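Student: Take 324 as the starting number for the sequence shown in this note's numbering and just add one per residue.
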Amino acid sequence: MTRLQNKVTIITGAASGLGRVAASTFAAQGSSVVIADVSDGSEVVQEILDAGGRAAFVHCDVTDEDSWKNTVAFSRATFGSIDVLYNNAGVMLGDDDDPVSTSVDTYQRTMDINVKGVLLGCKYVIPVMLEQGKGSIVNVASFVAHMGAATPQVAYTASKGAVLAMTREIAVVYARRGIRANALCPGPVMTPLLAAFLDNDSKRNRRLVHIPMGRFGEPQEIANGALFLASDESSWMTGQSLIIDGGITAAYVTPE
Ligand SMILES: NC(=O)c1ccc[n+]([C@@H]2O[C@H](COP(=O)([O-])OP(=O)(O)OC[C@H]3O[C@@H](n4cnc5c(N)ncnc54)[C@H](O)[C@@H]3O)[C@@H](O)[C@H]2O)c1
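(1) Taking 7 Å as the cut-off, is the CB of Val342 close to at least one heavy atom of ligand 1?
(2) What residue range is occupied by the uninterrupted beta strand (DSSP E) comprising Tyr575?
(3) Does the beta-carbon of Lys483 have 16 or more other beta-carbons within 10 angstroms, so that it is buried, or is it exposed?
(4) Counting beta carbon pairs with one atom in the region 386-396 and one in the region 443-459, are three or more of them shorter than 8 Å?
(5) Hey, is Ala338 close to ligand 1, as in C-beta under 7 Å from one of its heavy atoms?
(6) From which residue to which residue does the beta strand (DSSP E) around Glu360 run?
(7) Considering only the alpha carbon of each residue, which of Thr514, Ser390 and Glu492 lies closest to Ala504?
(8) Which same chain residues, not among the five before or five after Phe551, have their C-beta less than 6 Å away from its C-beta?
(9) Our contact map puts Thr561 next to Ala498 with C-beta atoms below 8 Å; I'd like the distance itself, whole angstroms only.
(10) Could you compute how far the alpha carbon of Pro475 sits from the alpha carbon of Pro422?
(11) Taking 7 Å as the line, does the beta carbon of Val361 fall inside it for any heavy atom of ligand 1?
(12) CA-CA distance, Ala518 and Asp524?
(13) Below 8 Å on the Cβ atoms is my contact criterion, and I expect Tyr430 with Ala549 to pass it. Report the Cβ-Cβ distance as a whole number of Å.
(14) Rounded to a whole number of angstroms, what is the C-alpha to C-alpha distance between Val512 and Ala345?
(15) Measure the C-alpha to C-alpha separation of Ala488 and Ile566 and round it to an integer number of angstroms.
(16) Among Ser354, Ala338, Thr348 and Arg343, which one has its Cα closest to the Cα of Leu327?
(17) Answer yes or no: the CB of Cys383 versus the heavy atoms of ligand 1, is any distance below 7 Å?
(18) Might you give, ordered along the chain, the residues of its own chain that have their beta carbon closer than 7 Å to the beta carbon of Gly569, omitting 5 neighbours on each side?
(19) Is the closest heavy atom of ligand 1 to the C-beta of Thr480 under 7 Å?
(20) Quick check: is any heavy atom of ligand 1 less than 7 Å from the C-beta of Pro515?
(21) What are the uninterrupted segments assigned as beta strand (DSSP E) that are 3 or more residues long and contained completely in the region 489-551, given in chain order?
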């Protein structure tokens, strides 16, 4: 028996980075996976099919309601149900900085993708989960939803705080109707998103200094947490924040 036997999962932003590794992990554990991304996800789909799993790609811009309606219809038509919604798509834009220098455009675009994208996913998938009487929602926030940083990305941080708060409320509203919602809060993992932000050694080292375990995370270490939250193994867990961060949020002073 696999850990996501006979489940169907929508993973947004699964063409790249953390979502991509989660897609392969979920498929290996028995879930059919819908890769929902603005970028082409056919390579990930092929990888999963080659490994004997089930997956399909649908073009989805998480900020767009019609895109979500289409993604939900596609998932049901292709795989029959939606058991897990993994709201993973997110951006960290280049000129996101302190409140004085961050442009309103950057703030708005970040909030649109990172927060409205999660809201819309829930808006269109929850009715299906209610019909089924069950479902697990995993919303990707970040350790910055819990801690402030002196190297700011104020729009990104605000967006992840909003995801965490929204997740708690969704959890409470649907707790007696079979739907669970939890936030997954990764620390820094070297995906394309973080590589673009920490684009030189001095920036990377400045971040590493704050990680008690002294290294960046691996995408698989985040996917393992997502798998737990998605699966029935976490059946009495809702409204929580699972932080996987090499000890960052536990530390006051980091060991030498
Ligand atoms: N990498 C880290 O260190 C880290 C740490 C904490 C949280 N996170 C969060 O994890 C999630 C995944 O990040 P990642 O590092 O894998 O990033 P990534 O840039 O590698 O992948 C993000 C994916 O989201 C997709 N995407 C972007 N805008 C979209 C939209 N409007 N609609 C649909 N898809 C869209 C991209 O095409 C891409 O495939 C994000 O929510 C990010 O904020 C990452």
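Using N, Cα and C, we set each Cβ at its ideal position, and we do this for glycine too.
A quick note: this is a predicted structure, and the numbers were derived from the prediction, not measured.
Tutor: With the given structure in hand:
(1) Taking the sequence shown and counting its residues from 1, one reaches residue 342 at position 19. The amino acid at residue 342 is misidentified as Val; the sequence shows Gly. Yes - ligand 1 has a heavy atom lying nearer than 7 Å to the Cβ of Gly342.
(2) Against the sequence shown, residue 575 aligns to sequence position 252. Premise fails: Tyr575 is in no beta strand (DSSP E) and is neither H nor E.
(3) For the purposes of this step, residue 483 is taken as residue 160 along the sequence shown, with counting starting at 1. By the neighbour-count definition (other C-beta atoms within 10 Å, threshold 16), Lys483 is a buried residue.
(4) In short, these stretches touch, since the Cβ pair count reaches three.
(5) Here residue 338 is taken as the residue at index 15 of the sequence shown, counted from 1. Judged by the Cβ position, Ala338 qualifies as a neighbour of ligand 1 at the 7 Å threshold, a heavy atom of the ligand being closer than this.
(6) Within the sequence shown, the letter at position 37 stands for residue 360. Looking at the sequence shown, residue 360 is not Glu but Asp. Going by DSSP, Asp360 is part of the beta strand (DSSP E) stretching over Ser355 to Asp360.
(7) Here residue 504 refers to the residue found at position 181 when the sequence shown is read from its first residue. Relative to Ala504, the option among Thr514, Ser390 and Glu492 whose CA is nearest is Glu492.
(8) In the sequence shown, residue 551 corresponds to position 228, counting from 1. Same-chain partners within the cutoff: Ser557.
(9) Along the sequence shown, one-based indexing puts residue 561 at 238. Along the sequence shown, one-based indexing puts residue 498 at 175. Confirmed, about 6 Å.
(10) Residue mapping note: residue 475 aligns to position 152 of the sequence shown, counting from 1. Residue mapping note: residue 422 aligns to position 99 of the sequence shown, counting from 1. Straight-line Cα distance between these residues: approximately 9 Å.
(11) By 1-based counting over the sequence shown, the position of residue 361 is 38. Checking the Cβ of Val361 against ligand 1 gives yes.
(12) In the sequence shown, counting from the first residue as 1, residue 518 sits at position 195. In the sequence shown, counting from the first residue as 1, residue 524 sits at position 201. Spanning the two alpha carbons is a distance of roughly 11 Å.
(13) Stepping through the sequence shown from its first residue, residue 430 is reached at position 107. Stepping through the sequence shown from its first residue, residue 549 is reached at position 226. The pair is not a contact, with the Cβ atoms about 27 Å apart (cut-off 8 Å).
(14) Taking the first residue of the sequence shown as position 1, residue 512 is located at position 189. Taking the first residue of the sequence shown as position 1, residue 345 is located at position 22. Approximately 13 Å between the Cα atoms of the pair.
(15) Locating residue 488 in the sequence shown gives position 165, where the first residue counts as 1. Locating residue 566 in the sequence shown gives position 243, where the first residue counts as 1. Rounded to the nearest angstrom, the gap between the Cα atoms of Ala488 and Ile566 is 15 Å.
(16) As a position in the sequence shown, residue 327 is number 4, starting the count at 1. The shortest Cα separation from Leu327 among Ser354, Ala338, Thr348 and Arg343 belongs to Ser354.
(17) Counted from its first residue, the sequence shown places residue 383 at position 60. Result yes, Cβ under 7 Å from ligand 1.
(18) Residue mapping note: residue 569 aligns to position 246 of the sequence shown, counting from 1. Exclusion of the five residues before and after Gly569 leaves Gly510, Ile534, Pro535, Met536, Arg538 and Gly540 as the residues of its chain whose Cβ lies within less than 7 Å of its Cβ.
(19) Position 157 of the sequence shown holds residue 480. No; taking the cut-off as 7 Å, the Cβ of Thr480 has no heavy atom of ligand 1 nearer than that.
(20) Taking the first residue of the sequence shown as 1, we reach residue 515 at position 192. Placement of the Cβ of Pro515 at a distance of less than 7 Å from at least one heavy atom of ligand 1 is found.
(21) Within the region 489-551, the complete beta strand (DSSP E) runs of at least 3 residues fall at 502-509.
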